[in-house]
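Quick notes on the structure that follows.
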Amino acid sequence: MLRHRGRHPAAHAREWHARARRALPPGRLALLEALVPVDHSYIPDFLTPVPRPGESLPEVVARIAATPVEEVDYQLDIAIRGRRVWPQVLALHPSAAVYERWRRPMPPALAAPARDGGGAVAAAAAEAMAVLFEAVLAPDWPRVRAVLDADIGNRADRMAAHGAAAVLDDLGERMRWTGTELVLERAYSGVIDWADEGVLFVPTTTHVGPVLFAAEYPHTPVLFYRARGIGALGERPASPAEPALTGLVGTTRAALLTTLETPASTVELSLRTGWSSATVSYHLGILLRAGLVDRHRRGRVVRYARTGLGTALAAPRADP
1 MLRHRGRHPA
11 AHAREWHARA
21 RRALPPGRLA
31 LLEALVPVDH
41 SYIPDFLTPV
51 PRPGESLPEV
61 VARIAATPVE
71 EVDYQLDIAI
81 RGRRVWPQVL
91 ALHPSAAVYE
101 RWRRPMPPAL
111 AAPARDGGGA
121 VAAAAAEAMA
131 VLFEAVLAPD
141 WPRVRAVLDA
151 DIGNRADRMA
161 AHGAAAVLDD
171 LGERMRWTGT
181 ELVLERAYSG
191 VIDWADEGVL
201 FVPTTTHVGP
211 VLFAAEYPHT
221 PVLFYRARGI
231 GALGERPASP
241 AEPALTGLVG
251 TTRAALLTTL
261 ETPASTVELS
271 LRTGWSSATV
281 SYHLGILLRA
291 GLVDRHRRGR
301 VVRYARTGLG
311 TALAAPRADP
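Each residue of the sequence shown is one higher than the one before, starting from 1 at the first, in full-length UniProt numbering.
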(Lines of atoms letter the chains of each structure in order from A and count residues from 1; the text may use other names and numbers.)
(Lines give C-alpha, C1' and ligand atoms only; values in the text may rest on other atoms or scores of the structure.)
Protein backbone atom coordinates (compact mmCIF):
# COMPACT_ATOMS: atom_id res chain seq x y z
CA MET A 1 0.00 0.00 0.00
CA LEU A 2 2.79 2.46 0.92
CA ARG A 3 5.04 1.38 -1.95
CA HIS A 4 2.44 2.07 -4.65
CA ARG A 5 1.12 5.21 -2.95
CA GLY A 6 -2.28 6.05 -4.46
CA ARG A 7 -1.66 4.04 -7.64
CA HIS A 8 -2.07 0.55 -6.23
CA PRO A 9 -4.08 -1.74 -8.56
CA ALA A 10 -6.33 -2.89 -5.69
CA ALA A 11 -9.18 -0.56 -4.70
CA HIS A 12 -8.91 -1.34 -0.97
CA ALA A 13 -5.18 -0.45 -0.95
CA ARG A 14 -5.85 2.88 -2.68
CA GLU A 15 -8.49 3.63 -0.07
CA TRP A 16 -6.05 2.77 2.73
CA HIS A 17 -3.45 5.13 1.29
CA ALA A 18 -6.05 7.91 1.08
CA ARG A 19 -6.88 7.31 4.75
CA ALA A 20 -3.17 7.42 5.59
CA ARG A 21 -2.80 10.80 3.91
CA ARG A 22 -5.68 12.13 6.00
CA ALA A 23 -4.64 10.55 9.31
CA LEU A 24 -0.84 10.76 9.41
CA PRO A 25 1.10 13.99 9.96
CA PRO A 26 2.98 14.75 6.71
CA GLY A 27 6.37 14.12 8.30
CA ARG A 28 5.40 10.67 9.57
CA LEU A 29 3.87 9.60 6.26
CA ALA A 30 6.99 10.85 4.47
CA LEU A 31 9.15 8.77 6.83
CA LEU A 32 7.22 5.58 6.09
CA GLU A 33 7.32 6.29 2.35
CA ALA A 34 11.08 6.87 2.63
CA LEU A 35 11.48 3.46 4.28
CA VAL A 36 9.18 1.82 1.69
CA PRO A 37 10.36 3.40 -1.59
CA VAL A 38 8.51 3.30 -4.89
CA ASP A 39 11.62 2.70 -6.98
CA HIS A 40 13.70 0.25 -4.93
CA SER A 41 13.21 -3.41 -4.06
CA TYR A 42 14.62 -3.38 -0.53
CA ILE A 43 12.44 -2.71 2.52
CA PRO A 44 14.04 -2.82 6.00
CA ASP A 45 12.92 -5.99 7.74
CA PHE A 46 12.24 -4.30 11.08
CA LEU A 47 9.06 -2.77 9.59
CA THR A 48 7.59 -6.24 9.07
CA PRO A 49 8.42 -8.36 12.12
CA VAL A 50 7.72 -12.08 11.78
CA PRO A 51 4.06 -12.64 12.75
CA ARG A 52 3.24 -14.42 15.99
CA PRO A 53 0.02 -16.40 16.57
CA GLY A 54 -2.75 -14.24 18.00
CA GLU A 55 -0.64 -11.08 18.00
CA SER A 56 -2.55 -7.78 18.05
CA LEU A 57 -1.68 -4.71 16.00
CA PRO A 58 -0.46 -2.76 19.09
CA GLU A 59 1.86 -5.67 19.92
CA VAL A 60 3.32 -5.50 16.41
CA VAL A 61 3.97 -1.77 16.89
CA ALA A 62 5.69 -2.45 20.22
CA ARG A 63 8.01 -4.96 18.56
CA ILE A 64 8.91 -2.45 15.83
CA ALA A 65 9.79 0.14 18.47
CA ALA A 66 11.86 -2.42 20.40
CA THR A 67 13.99 -3.50 17.43
CA PRO A 68 17.65 -3.55 18.55
CA VAL A 69 19.50 -0.42 17.41
CA GLU A 70 22.21 -2.44 15.67
CA GLU A 71 19.59 -4.29 13.57
CA VAL A 72 17.99 -1.06 12.37
CA ASP A 73 21.36 0.50 11.58
CA TYR A 74 22.46 -2.60 9.68
CA GLN A 75 19.27 -2.69 7.61
CA LEU A 76 19.63 1.00 6.74
CA ASP A 77 23.26 0.40 5.81
CA ILE A 78 22.28 -2.25 3.27
CA ALA A 79 20.54 -0.01 0.75
CA ILE A 80 21.47 3.62 1.57
CA ARG A 81 24.48 5.14 -0.18
CA GLY A 82 27.10 6.73 2.01
CA ARG A 83 26.46 4.38 4.93
CA ARG A 84 28.65 1.50 6.05
CA VAL A 85 29.36 -1.29 3.55
CA TRP A 86 29.14 -4.74 5.12
CA PRO A 87 31.35 -7.43 3.53
CA GLN A 88 28.62 -10.08 3.70
CA VAL A 89 26.22 -7.81 1.80
CA LEU A 90 28.81 -6.75 -0.76
CA ALA A 91 29.61 -10.43 -1.39
CA LEU A 92 26.07 -10.98 -2.72
CA HIS A 93 26.75 -8.67 -5.69
CA PRO A 94 29.02 -9.18 -8.72
CA SER A 95 31.16 -6.16 -7.83
CA ALA A 96 31.38 -3.12 -5.58
CA ALA A 97 30.30 -0.91 -8.50
CA VAL A 98 27.17 -2.98 -9.11
CA TYR A 99 26.31 -2.88 -5.41
CA GLU A 100 26.78 0.89 -5.27
CA ARG A 101 24.47 1.38 -8.25
CA TRP A 102 21.88 -0.82 -6.53
CA ARG A 103 21.90 1.34 -3.39
CA ARG A 104 19.84 4.54 -3.25
CA PRO A 105 20.41 8.06 -1.93
CA MET A 106 19.41 8.94 1.61
CA PRO A 107 15.77 10.17 1.46
CA PRO A 108 15.36 13.63 3.06
CA ALA A 109 12.56 12.41 5.35
CA LEU A 110 14.85 9.70 6.74
CA ALA A 111 18.01 11.79 7.12
CA ALA A 112 17.20 13.50 10.44
CA PRO A 113 16.13 10.42 12.45
CA ALA A 114 18.97 8.40 10.87
CA ARG A 115 21.50 10.92 12.22
CA ASP A 116 20.15 10.16 15.70
CA GLY A 117 20.67 6.43 15.19
CA GLY A 118 18.63 3.31 14.62
CA GLY A 119 16.71 3.71 17.86
CA ALA A 120 15.30 7.06 16.72
CA VAL A 121 14.32 5.59 13.35
CA ALA A 122 12.56 2.62 14.97
CA ALA A 123 10.72 4.85 17.45
CA ALA A 124 9.53 7.28 14.76
CA ALA A 125 8.50 4.45 12.45
CA ALA A 126 6.61 2.68 15.25
CA GLU A 127 4.77 5.90 16.12
CA ALA A 128 3.73 6.31 12.49
CA MET A 129 2.75 2.64 12.19
CA ALA A 130 0.57 2.93 15.31
CA VAL A 131 -1.47 5.69 13.65
CA LEU A 132 -1.50 3.74 10.39
CA PHE A 133 -2.87 0.64 12.10
CA GLU A 134 -5.44 2.48 14.22
CA ALA A 135 -6.82 4.93 11.65
CA VAL A 136 -6.25 3.03 8.42
CA LEU A 137 -6.27 -0.74 8.96
CA ALA A 138 -8.27 -1.29 12.16
CA PRO A 139 -11.71 -0.60 10.60
CA ASP A 140 -11.10 -3.36 8.04
CA TRP A 141 -8.94 -5.69 10.12
CA PRO A 142 -11.59 -8.41 10.77
CA ARG A 143 -12.21 -8.64 7.01
CA VAL A 144 -8.47 -8.68 6.29
CA ARG A 145 -7.93 -11.48 8.81
CA ALA A 146 -10.76 -13.45 7.22
CA VAL A 147 -9.10 -13.19 3.79
CA LEU A 148 -5.70 -14.21 5.18
CA ASP A 149 -7.14 -17.13 7.16
CA ALA A 150 -9.06 -18.33 4.09
CA ASP A 151 -5.89 -18.19 1.98
CA ILE A 152 -3.91 -20.19 4.53
CA GLY A 153 -6.67 -22.80 4.80
CA ASN A 154 -6.97 -23.14 1.03
CA ARG A 155 -3.24 -23.61 0.54
CA ALA A 156 -3.00 -26.07 3.42
CA ASP A 157 -5.74 -28.17 1.80
CA ARG A 158 -4.00 -28.09 -1.57
CA MET A 159 -0.65 -29.05 -0.07
CA ALA A 160 -2.21 -31.97 1.81
CA ALA A 161 -3.98 -33.19 -1.32
CA HIS A 162 -1.41 -32.49 -4.04
CA GLY A 163 1.97 -31.86 -2.38
CA ALA A 164 4.21 -28.84 -1.93
CA ALA A 165 4.68 -28.09 -5.63
CA ALA A 166 0.96 -27.39 -6.08
CA VAL A 167 1.25 -24.51 -3.61
CA LEU A 168 4.78 -23.22 -4.12
CA ASP A 169 4.61 -22.93 -7.91
CA ASP A 170 1.89 -20.26 -7.87
CA LEU A 171 2.85 -18.08 -4.90
CA GLY A 172 4.08 -15.28 -7.13
CA GLU A 173 6.34 -14.05 -9.87
CA ARG A 174 10.05 -14.87 -10.25
CA MET A 175 10.02 -17.81 -7.88
CA ARG A 176 10.14 -21.54 -8.63
CA TRP A 177 10.31 -24.79 -6.71
CA THR A 178 12.88 -27.31 -8.01
CA GLY A 179 11.77 -30.14 -5.76
CA THR A 180 14.59 -29.53 -3.28
CA GLU A 181 14.90 -25.75 -3.07
CA LEU A 182 13.08 -22.48 -3.65
CA VAL A 183 14.75 -20.26 -6.25
CA LEU A 184 14.00 -16.52 -6.27
CA GLU A 185 15.24 -14.50 -9.23
CA ARG A 186 17.13 -11.46 -7.94
CA ALA A 187 19.86 -9.07 -9.10
CA TYR A 188 22.21 -10.56 -6.50
CA SER A 189 23.00 -14.12 -5.50
CA GLY A 190 23.12 -16.01 -2.24
CA VAL A 191 22.19 -19.30 -0.59
CA ILE A 192 20.04 -19.46 2.53
CA ASP A 193 20.50 -22.84 4.18
CA TRP A 194 19.92 -22.66 7.91
CA ALA A 195 19.40 -26.17 9.24
CA ASP A 196 16.08 -26.76 11.03
CA GLU A 197 14.91 -23.16 10.56
CA GLY A 198 12.36 -23.87 7.82
CA VAL A 199 10.58 -21.08 5.95
CA LEU A 200 7.59 -19.03 7.11
CA PHE A 201 5.05 -18.14 4.40
CA VAL A 202 3.09 -14.94 5.11
CA PRO A 203 0.12 -13.88 2.94
CA THR A 204 -0.55 -10.16 2.47
CA THR A 205 -3.45 -8.21 1.00
CA THR A 206 -1.41 -5.41 -0.60
CA HIS A 207 1.64 -7.02 -2.18
CA VAL A 208 2.13 -6.70 -5.95
CA GLY A 209 4.91 -8.27 -8.01
CA PRO A 210 7.60 -10.82 -7.16
CA VAL A 211 7.54 -12.65 -3.84
CA LEU A 212 9.34 -10.70 -1.11
CA PHE A 213 11.61 -12.35 1.40
CA ALA A 214 13.36 -11.51 4.64
CA ALA A 215 16.38 -13.53 5.73
CA GLU A 216 18.49 -12.17 8.55
CA TYR A 217 20.28 -14.81 10.61
CA PRO A 218 19.34 -16.14 13.16
CA HIS A 219 15.68 -15.34 12.39
CA THR A 220 13.52 -17.79 10.44
CA PRO A 221 13.43 -16.85 6.73
CA VAL A 222 10.09 -15.35 5.67
CA LEU A 223 8.41 -15.19 2.26
CA PHE A 224 5.65 -12.60 1.72
CA TYR A 225 3.18 -13.29 -1.07
CA ARG A 226 -0.16 -11.98 -2.31
CA ALA A 227 -3.16 -13.72 -0.75
CA ARG A 228 -6.00 -15.09 -2.82
CA GLY A 229 -9.42 -13.44 -2.54
CA ILE A 230 -8.28 -9.87 -1.90
CA GLY A 231 -10.85 -8.62 -4.41
CA ALA A 232 -13.47 -9.14 -1.72
CA LEU A 233 -11.92 -6.29 0.30
CA GLY A 234 -12.83 -3.81 -2.43
CA GLU A 235 -16.23 -5.18 -3.31
CA ARG A 236 -19.30 -3.02 -3.04
CA PRO A 237 -22.27 -4.33 -1.10
CA ALA A 238 -24.70 -6.48 -3.05
CA SER A 239 -27.76 -4.92 -4.63
CA PRO A 240 -30.68 -4.58 -2.21
CA ALA A 241 -33.00 -7.57 -2.07
CA GLU A 242 -36.47 -7.40 -3.55
CA PRO A 243 -39.01 -6.10 -0.98
CA ALA A 244 -41.25 -9.13 -1.61
CA LEU A 245 -38.34 -11.50 -0.93
CA THR A 246 -37.44 -9.60 2.24
CA GLY A 247 -41.03 -9.89 3.45
CA LEU A 248 -41.02 -13.61 2.77
CA VAL A 249 -37.70 -14.78 4.27
CA GLY A 250 -36.46 -11.79 6.28
CA THR A 251 -33.85 -9.10 5.64
CA THR A 252 -30.70 -11.13 6.34
CA ARG A 253 -31.68 -14.25 4.41
CA ALA A 254 -32.97 -12.16 1.50
CA ALA A 255 -29.63 -10.33 1.33
CA LEU A 256 -27.72 -13.61 1.35
CA LEU A 257 -29.84 -15.05 -1.46
CA THR A 258 -29.33 -11.88 -3.49
CA THR A 259 -25.57 -11.94 -2.86
CA LEU A 260 -25.29 -15.57 -3.98
CA GLU A 261 -25.27 -14.74 -7.69
CA THR A 262 -22.16 -16.93 -7.75
CA PRO A 263 -21.24 -19.70 -5.27
CA ALA A 264 -19.44 -18.45 -2.17
CA SER A 265 -18.12 -19.71 1.15
CA THR A 266 -19.23 -18.47 4.55
CA VAL A 267 -16.06 -16.38 4.83
CA GLU A 268 -16.60 -14.81 1.41
CA LEU A 269 -20.23 -13.98 2.22
CA SER A 270 -19.11 -12.50 5.54
CA LEU A 271 -16.69 -10.22 3.68
CA ARG A 272 -19.32 -9.13 1.17
CA THR A 273 -22.09 -8.43 3.66
CA GLY A 274 -20.13 -7.24 6.69
CA TRP A 275 -21.86 -9.76 8.99
CA SER A 276 -19.95 -12.17 11.18
CA SER A 277 -19.28 -15.68 9.90
CA ALA A 278 -21.48 -17.06 12.69
CA THR A 279 -24.44 -14.92 11.58
CA VAL A 280 -23.96 -15.90 7.94
CA SER A 281 -23.65 -19.59 8.85
CA TYR A 282 -26.85 -19.51 10.93
CA HIS A 283 -28.97 -18.01 8.16
CA LEU A 284 -27.41 -20.20 5.47
CA GLY A 285 -28.48 -23.20 7.54
CA ILE A 286 -32.09 -22.02 7.42
CA LEU A 287 -31.91 -21.39 3.66
CA LEU A 288 -30.38 -24.84 3.20
CA ARG A 289 -33.16 -26.59 5.12
CA ALA A 290 -35.74 -24.64 3.11
CA GLY A 291 -34.22 -25.85 -0.16
CA LEU A 292 -33.23 -22.35 -1.31
CA VAL A 293 -29.48 -23.01 -1.31
CA ASP A 294 -27.26 -26.06 -1.70
CA ARG A 295 -23.69 -26.63 -0.54
CA HIS A 296 -20.63 -28.39 -1.93
CA ARG A 297 -17.38 -29.19 -0.11
CA ARG A 298 -13.93 -29.02 -1.68
CA GLY A 299 -11.23 -29.87 0.83
CA ARG A 300 -11.85 -27.69 3.87
CA VAL A 301 -13.89 -25.11 1.95
CA VAL A 302 -17.69 -25.35 1.74
CA ARG A 303 -19.36 -23.18 -0.90
CA TYR A 304 -23.05 -22.34 -1.08
CA ALA A 305 -25.07 -21.79 -4.24
CA ARG A 306 -28.69 -20.94 -4.92
CA THR A 307 -30.96 -23.78 -5.98
CA GLY A 308 -33.42 -23.31 -8.83
CA LEU A 309 -36.07 -22.29 -6.31
CA GLY A 310 -33.70 -19.85 -4.62
CA THR A 311 -32.78 -18.27 -7.95
CA ALA A 312 -36.44 -17.89 -8.88
CA LEU A 313 -37.24 -16.19 -5.58
CA ALA A 314 -34.24 -13.83 -5.84
CA ALA A 315 -35.01 -12.77 -9.42
CA PRO A 316 -36.11 -9.12 -9.83
CA ARG A 317 -39.85 -8.66 -10.09
CA ALA A 318 -41.47 -6.36 -12.63
CA ASP A 319 -43.91 -3.84 -11.20
CA PRO A 320 -47.53 -5.03 -11.65
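We put the beta carbon where it would ideally sit given N, CA and C, even for glycine.
Helix, strand or coil for Ile78 per DSSP? In the displayed model, Ile78 falls within a helix according to three-state DSSP.
For the alpha helix (DSSP H) that contains Leu248, what are its first and last residues? Element bounds for Leu248: Pro243 to Val249.
Looking at the unbroken beta strand (DSSP E) that takes in Tyr304, where does it start and where does it end? Per DSSP, the unbroken beta strand (DSSP E) holding Tyr304 starts and ends at Val301 to Arg306.
Do you know offhand how far Tyr217's Cα is from Phe46's? About 13 Å.
Just reading off the alpha helix (DSSP H) that Thr279 is part of, what are its end residues? Thr279 -> alpha helix (DSSP H) spans Ser277 to Arg289.
Residue range of the alpha helix (DSSP H) that includes Met1: For Met1, no alpha helix (DSSP H) segment is defined, and its DSSP state is neither H nor E.
If you scan the segment 33-102 from start to end, which runs of the alpha helix (DSSP H) of 4 or more residues do you find wholly inside it? The segment 33-102 contains these whole alpha helix (DSSP H) runs: 57-65, 69-79, 87-90 and 96-102.
For Pro68 and Val121, what's the separation of their Cα atoms in angstroms? When rounded, the distance between both Cα atoms is 11 Å.
Reduced DSSP secondary structure (H/G/I, E/B, other) of Thr180: In this structure, DSSP gives Thr180 a state outside helix and strand, which the three-state scheme calls coil.
Name the one or two DSSP bridge partners that residue 334 has. Residue 334 cannot be examined here, being either before or after the span of the chain that is shown, 1 to 320.
For Ala290 and His207, the rounded distance between their alpha carbons: When rounded, the distance between both Cα atoms is 42 Å.
What would DSSP say about Glu173, mapped onto helix, strand or coil? Here Glu173 sits in strand by DSSP.
Does the Cβ of Glu70 lie closer than 7 Å to at least one heavy atom of the ligand HEM? The model depicted lacks the ligand HEM and carries no ligand whatsoever.
The beta strand (DSSP E) spanning Leu24 covers which residue range? Under the DSSP assignment, Leu24 falls outside any beta strand (DSSP E); it carries neither an H nor an E label.
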